[in-house]
Amino acid sequence: MDFSGNVGEWQRNVSEGKAGKHRRMKVIEALNIKNGQSIIDIGCGGGHLLKELGMCVGEKGHISGLDNSPQQLENAKTYCSEYNCIQFIEG
């Protein structure tokens with residue numbers, strides 16, 4: 001799927017809006033994520049949840065973001081560039 005046009009713009013708008021942030025916080029709350037944990041995000045897309053997870057696990061934790069879209073992974077790498085605990089996997 002091409003995420004550079006309307007689909008990508010729609011996805012970014014949803015993810016970056018209040019509803020997207022609220023949904024991510026509910027996921028993190030439900031999973032009871034702690035500093036130092038290791039987590040895999042399957043279908044990580046543009047990395048919005050990855051970034052939130054990176055904040056939760058800190059430098060001692062590890063996050064693997066898996067997505068089948070090279071374009072989405074590049075977006076995620078850019079969006080999450082400040083977090084060294086995140087690894088990106090295409091598959």
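Residue numbering for the sequence shown follows this note's numbering, starting at 1 and increasing by one per position. C-beta: ideal position from N, C-alpha, C; glycine also. These numbers come from a predicted model, not from an experiment.
{"Check": "Opposing strand residues paired with glutamate 90 [DSSP bridges]", "Outcome": "Asp67"}
{"Check": "Range covered by the beta strand (DSSP E) that runs through isoleucine 28", "Outcome": "Taken as a continuous stretch (DSSP letters only), isoleucine 28 belongs to no beta strand (DSSP E), being part of the alpha helix (DSSP H) at 18 to 31."}
{"Check": "Nearest-angstrom beta carbon gap, asparagine 32 and glycine 58 [assumed within contact, 8 Å]", "Outcome": "With 8 Å as the limit, glycine 58 and asparagine 32 do not qualify as a contact, their Cβ atoms being about 15 Å apart."}
{"Check": "Per DSSP, cross-strand counterpart(s) of histidine 62", "Outcome": "Ser38"}
{"Check": "Alpha-carbon to alpha-carbon, lysine 18 and glycine 65", "Outcome": "22 Å"}
{"Check": "Buried versus exposed, by CB contacts within 10 Å (16 or more), asparagine 68", "Outcome": "exposed"}
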